[in-house]
Amino acid sequence: MTETLDSYSLIAVYSAMAVYALAFILFTLDLARRSAEVTRRQDAAALEQAAAGGTNAGVTATATLAPPTAAATTPAPKYLNAAVALVVIGWLLHLSGDVLRGIAAARVPWGNMYEFGLTSTLIIVTVFLVAQLWQDLRFLGAYVTGFVVLALGVATVNFYVAIVPLPDALSRSPYWLVIHVMVAILGVGFFALGAALSVAQLLRLRRAAGGLARARYLDTIPSADRLETFAYAINVIAFVLWTFTLVAGAIWANDAWGRPWGWDTKEVWTFIIWVLYAGYIHARATRGWRGARSAWLAIIGFAAVVFNFSIVNVFFKGLHSYSGL
Amino acid sequence: MASSRHSDAGPGADTDARSAEYAPLDHVDAAEPSPTGGASGGPRLGGIGWLRFIWRQLTSMRTALILLLLLALAAVPGSLVPQTTSDPNGVIAYHQNDPELAAVLDALGLFSTFSSPWFSAIYLLLFISLIGCVIPRAIQHARALAARPPRTPARLERMIGHTVRAFDGDATTALAAAERLLRSRGYRVARYPTRAGESVSAERGYLRETGNLLFHVSLIGVLIAVAIGGSVGYTGQRVVTEGTAFTNVQSGYDSFYPGRLFTESMLAPFSLRLDEFLVDFEENNLAAYGSAHNFRAHMTITEPGHEPRDDTLTVNGPLTVDDVRIYLLGNGYSPVLTIRNPDGDIVFSQPTLFRPLDAAYLSTGVIKVPDGLAEQVGLEGLFYPTAVRGDSGAFFSSHPDLINPLLTLEVYTGDLGLDDGRATNAYVLDVEGLGLTQLAGREAPVESLYLKPGEAVDLPNGLGTATLEPVIPRFAAIEMHWDPAQPWLFGFVLAAIAGLLVALFVPRRRVWARARIAEDGAVQLEWAGLAKGEDARLPDSVAALADAVSVPGSGSGSADPPGSSDGADVGLAP
Numbered sequence: 010m011t012e013t014l015d016s017y018s019l020i021a022v023y024s025a026m027a028v029y030a031l032a033f034i035l036f037t038l039d040l041a042r043r044s045a046e047v048t049r050r051q052d053a054a055a056l057e058q059a060a061a062g063g064t065n066a067g068v069t070a071t072a073t074l075a076p077p078t079a080a081a082t083t084p085a086p087k088y089l090n091a092a093v094a095l096v097v098i099g100w101l102l103h104l105s106g107d108v109l110r111g112i113a114a115a116r117v118p119w120g121n122m123y124e125f126g127l128t129s130t131l132i133i134v135t136v137f138l139v140a141q142l143w144q145d146l147r148f149l150g151a152y153v154t155g156f157v158v159l160a161l162g163v164a165t166v167n168f169y170v171a172i173v174p175l176p177d178a179l180s181r182s183p184y185w186l187v188i189h190v191m192v193a194i195l196g197v198g199f200f201a202l203g204a205a206l207s208v209a210q211l212l213r214l215r216r217a218a219g220g221l222a223r224a225r226y227l228d229t230i231p232s233a234d235r236l237e238t239f240a241y242a243i244n245v246i247a248f249v250l251w252t253f254t255l256v257a258g259a260i261w262a263n264d265a266w267g268r269p270w271g272w273d274t275k276e277v278w279t280f281i282i283w284v285l286y287a288g289y290i291h292a293r294a295t296r297g298w299r300g301a302r303s304a305w306l307a308i309i310g311f312a313a314v315v316f317n318f319s320i321v322n323v324f325f326k327g328l329h330s331y332s333g334l
Numbered sequence: 047m048a049s050s051r052h053s054d055a056g057p058g059a060d061t062d063a064r065s066a067e068y069a070p071l072d073h074v075d076a077a078e079p080s081p082t083g084g085a086s087g088g089p090r091l092g093g094i095g096w097l098r099f100i101w102r103q104l105t106s107m108r109t110a111l112i113l114l115l116l117l118a119l120a121a122v123p124g125s126l127v128p129q130t131t132s133d134p135n136g137v138i139a140y141h142q143n144d145p146e147l148a149a150v151l152d153a154l155g156l157f158s159t160f161s162s163p164w165f166s167a168i169y170l171l172l173f174i175s176l177i178g179c180v181i182p183r184a185i186q187h188a189r190a191l192a193a194r195p196p197r198t199p200a201r202l203e204r205m206i207g208h209t210v211r212a213f214d215g216d217a218t219t220a221l222a223a224a225e226r227l228l229r230s231r232g233y234r235v236a237r238y239p240t241r242a243g244e245s246v247s248a249e250r251g252y253l254r255e256t257g258n259l260l261f262h263v264s265l266i267g268v269l270i271a272v273a274i275g276g277s278v279g280y281t282g283q284r285v286v287t288e289g290t291a292f293t294n295v296q297s298g299y300d301s302f303y304p305g306r307l308f309t310e311s312m313l314a315p316f317s318l319r320l321d322e323f324l325v326d327f328e329e330n331n332l333a334a335y336g337s338a339h340n341f342r343a344h345m346t347i348t349e350p351g352h353e354p355r356d357d358t359l360t361v362n363g364p365l366t367v368d369d370v371r372i373y374l375l376g377n378g379y380s381p382v383l384t385i386r387n388p389d390g391d392i393v394f395s396q397p398t399l400f401r402p403l404d405a406a407y408l409s410t411g412v413i414k415v416p417d418g419l420a421e422q423v424g425l426e427g428l429f430y431p432t433a434v435r436g437d438s439g440a441f442f443s444s445h446p447d448l449i450n451p452l453l454t455l456e457v458y459t460g461d462l463g464l465d466d467g468r469a470t471n472a473y474v475l476d477v478e479g480l481g482l483t484q485l486a487g488r489e490a491p492v493e494s495l496y497l498k499p500g501e502a503v504d505l506p507n508g509l510g511t512a513t514l515e516p517v518i519p520r521f522a523a524i525e526m527h528w529d530p531a532q533p534w535l536f537g538f539v540l541a542a543i544a545g546l547l548v549a550l551f552v553p554r555r556r557v558w559a560r561a562r563i564a565e566d567g568a569v570q571l572e573w574a575g576l577a578k579g580e581d582a583r584l585p586d587s588v589a590a591l592a593d594a595v596s597v598p599g600s601g602s603g604s605a606d607p608p609g610s611s612d613g614a615d616v617g618l619a620p
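Listed in order, the protein sequences are those of chains A and B. Note that this note's numbering has the first sequence beginning at 10, numbered continuously upward. Note that this note's numbering has the second sequence beginning at 47, numbered continuously upward.
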């Protein structure tokens, strides 16, 4: 029974990966389309200028380039909508894979590293999809689907383990397992999206400074200022979730290991991530640290999150040895 | 548009000018202080001037930020190098495997990163910086709480979300309606006359700064609670075998780590007896068949003045006795070996801890018999709860339960090193260091001794006999932990979380409403706002307030959509 359900779960996860990969291709095509559109508009503007007798057409056209609003008002092509639809289908498959794994194991599906990877990528896609209700974040689709396909690939190939009962430390604290780990997973989901926005912000800044001449699609995404504001909102939510993770972990550790905080390797990295994002929040109130510098802090913070999940889990010795590998 | 909100750091002179005057109080990152000090800019700089300069540097936001980043960086080695507190065996192994590198790391304090001078220096500086930042802000905030909202700016159109609505009524009614609405929304209000007309100045979200201060003060509290708990409390470990008891005195511990201010009189007088240790074994899941779980240590707890009581200690289920927390850390088997001399007199008979090496509880243990036999005898044993002989002929344990128990012993003789008063590890037989001779085992002519429960074998050279008693008890490794500051720690952590939530999510806003008479004689209400920090919803909020009083009598709520079509909570929509 357990094995059967688990194999169904794996099939669902593999299918979700295939569907996400298709969505990734369509999102990438969309970015190419955005670049082409910017070029076309530039050409049109240049022609107009030339017709009006302008001698310095090219330069003027670039300078008077229409604001991003223009791009958004043109209807999104069918394949962008198809890409979002594919993400929804992939998400449903992903969700059923995750739930089946939980049913097969008769517990929450985040008892080891494979399951944590499965659920945290599910949350990343969920946050991405739900955020669409407020904001058009489809320009992040390529990043989100690409990241999730890669992460699921690593999880299924390198981290997969058969279902075994949890050690006492986990199974005897079902509430803490739900609270501490679920909140950590949510935090990771938000951090991932915040980092994506910060990357977009940096790319936008680079292009504004004259770099990335060929990445014309960057003209169609929101301004660096708006990206920064949204990244901050997302990262602040993630920071609060991470604070909960840290505190819930300390309370649990006080019951399980006899101390609230013992500088276990995982605790060290949870602390490092918390301090990095605390630095990020302070940077936004510090003269000279807004913009690119705080964006870099957010990206370094997320790099630490990924490091904490992958390298620390697999290679570092510590009490959080629940990877099952 | 976004830059207009970045009032504390934005380079725009216009933005800075208006926020300096009108923005709600929040932390303002001061301009870079210079050692020449203050606005006077004089070249003279005495000792006090320098101190003030250093203090300002230390308490600036930029220094705090750099200290935070340094703290994150300084914690990294603590995860790369084994730490004495969390992984003492790892540190010992490091010293053995690479003594030269270990000596360097030791000199740098890397084996105890989190109590090293450089790590302490960073966090202490950070906390001094924090205190230097919190005190003036608290004073400033107290003043703001006592003060009226500031006067209305002359030119509201330069503020955020400026909007003008017609009002069907006279100016006094209009302003009264605006004031009532603002009050009902939690704003503090004050009336100010301006050249263009009577106005209401309103401010809300003082809680934001309160939360901010609470968060930072609570962090100081956390640090103090940890420091007090660490210097007064204690942690100690003890192995208890089924049927034996532990009394809470310092000599009763196998290992004991007191804080600097700890005295033995602080030990709570109680004793614990391990009556029975129970384990379940997985039977359904074939992928984990036989794995041990659901450990339960049934204890009898005796406190002075109380009847002895029974309780169960589990993993994750600590017991609390007289404020001392008791944890179950590990378990295993303690076979009882009885050694007799050739005359049949018992020279040794007690349970011996065998440390589990794998999931099937293959365990290893050492027995030292210094007296009573012709020579000092050391025994190195392997215990197999379910012994199975593998293809290679070697034994292994296939199940953690006592299905086919087997004890094998290698026998050594020589000076066990127990007589000269030096401390030795009870769990290790230092064969090479002590120059012991193997009488039975892999490197001796005589094979290792094999014992099943209830069996006896002869020791080599006619030294005597060894008997494995039929009942094999289990042991529980328990840890006692006393930290009198823990309730304080918990309280400060909760306060910090509450403060953080409030500081991050309560918006601090000022809103102004001014009644004015248009050229055609119609009454208009003019609205605008200003916020500190990120507040993308402000234009919508101002519009919603304006809508709510655009019709007289409708004091609250509005069917009209907000004037701004933006609608986005963070204003990202292109």
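Note that beta-carbon positions come from the ideal geometry of N, C-alpha and C, so glycine has one too. Fair warning: this is a prediction, and the values are worked out from it, not measured in the lab.
- Taking C-beta to C-beta, are A/Y226 and A/A164 nearer than 8 Å? no
- Query: Would you say B/G336 faces chain A, with C-beta separation under 8 Å as the test?
  - Reply: no
- Query: Using the C-alpha atoms, what's the distance from B/G575 back to B/T61?
  - Reply: At B/T61, the pLDDT of 41 sits below 50, so the modelled position is not reliable and the matter cannot be decided from this model.
- Message: Using 8 Å as the threshold, is the C-beta distance between A/H291 and B/A544 below it?
- Response: no
- Closer than 8 Å by beta-carbon distance: list the chain B residues that pair up with A/D177, in chain order. H339, N340, F341, T360, V361 and N362
- Message: Please return the same chain residues whose Cβ sits closer than 7 Å to the Cβ of B/G124, not counting the five positions on each side in sequence.
- Response: T159 and F160
- Query: When the distance is taken between beta carbons, is B/T384 closer than 8 Å to B/T290?
  - Reply: no
- Query: What's the C-alpha gap between B/P499 and B/P431?
  - Reply: 11 Å
- Select from the region 178-200 of chain A all residues with a C-beta closer than 9 Å to any C-beta belonging to chain B, and list them in chain order. A178, L179, S180, R181, S182 and W185
- Tell whether a beta-carbon distance below 8 Å holds between B/E288 and B/F327. no
- Item | beta strand (DSSP E) runs wholly inside the region 545-587 of chain B, at least 3 long, in chain order | 555-563 and 569-577
- Query: Would DSSP call B/T511 helix, strand or coil?
  - Reply: strand
- Query: For the candidate residues B/I266, B/L428, B/S277 and B/Q484, whose alpha-carbon lies nearest to that of B/F538?
  - Reply: B/I266
- Item | Nonlocal neighbours in the same chain, by C-beta distance under 6 Å from A/N317, ignoring five residues either side | W278
- Query: For A/A257, which residues from the same chain have a beta carbon less than 8 Å from its beta carbon, with the 5 sequence-adjacent residues on both sides left out?
  - Reply: W185, I188, H189 and V192
- Can the beta-carbon of B/Y252 be found less than 8 Å from the beta-carbon of B/T281? no
- Item | Length at least 3, wholly inside the region 380-463 of chain B: the beta strand (DSSP E) runs in chain order | 382-386, 392-397, 409-415, 423-430, 433-435, 441-443 and 452-459
- Task: Report the three-state DSSP secondary structure of B/G363 (helix, strand or coil).
- Result: strand
- Given that B/N331 touches chain A, what residues does it touch there, using C-beta distances under 8 Å? T11, I172, V173 and P174
- Task: Report the residues of the region 103-118 of chain B with a CB closer than 8 Å to any CB of chain A, ordered along the chain.
- Result: M107, R108, A110, L111, L114, L115, L117 and A118
- Task: Could you work out which residue in B/S337, B/W528 and B/V268 is closest to B/S443 when comparing CA atoms only?
- Result: B/S337
- Message: Using 8 Å as the threshold, is the C-beta distance between A/L149 and A/A209 below it?
- Response: yes
- Message: Out of B/R342, B/G351 and B/G376, which one is the CA nearest neighbour of B/T360?
- Response: B/R342
- Query: Using the beta-carbon of each residue, which ones in chain B are nearer than 8 Å to A/F324?
  - Reply: By Cβ distance, chain B contributes nothing, its closest Cβ being about 10 Å from A/F324, past 8 Å.
- Query: What's the gap between the Cα of B/W573 and the Cα of B/D566?
  - Reply: 19 Å
- Candidates B/G257, B/D465 and B/S277: closest to B/R183 by CA position: B/G257
- Query: Any C-beta of chain B sitting closer than 8 Å to the C-beta of A/T295?
  - Reply: yes
- Task: Determine the chain B residues that contact A/V321 at a beta-carbon separation under 8 Å, and present them in chain order.
- Result: S125
- By how many angstroms is the C-alpha of B/T219 removed from the C-alpha of B/E225? 10 Å
- Apart from the five residues just before and just after A/P76, which ones in its own chain have a Cβ nearer than 7 Å to its Cβ? Unreliable placement is indicated for A/P76, whose pLDDT of 44 sits below 50; no coordinate value is reported for it.
- To which residues does DSSP link B/Q484 through a beta bridge? B/Y458
- Taking Cβ-Cβ distances shorter than 8 Å, what residues in chain B pair up with A/D39? Going along chain B, no residue has its Cβ under 8 Å from A/D39, so there is no contact; the nearest lies around 15 Å.
- Host beta strand (DSSP E) of B/H527 (start-end): R520 to W528
- Message: Counting only Cβ-Cβ distances shorter than 7 Å, please list the residues of the region 131-143 of chain B near chain A, keeping chain order.
- Response: T131, S132, D133 and G136
- Cutoff 6 Å; reference B/R319; Cβ partners in own chain excluding five residues on either side: A291 and T346
- Just reading off the beta strand (DSSP E) that B/Y238 is part of, what are its end residues? R234 to T240
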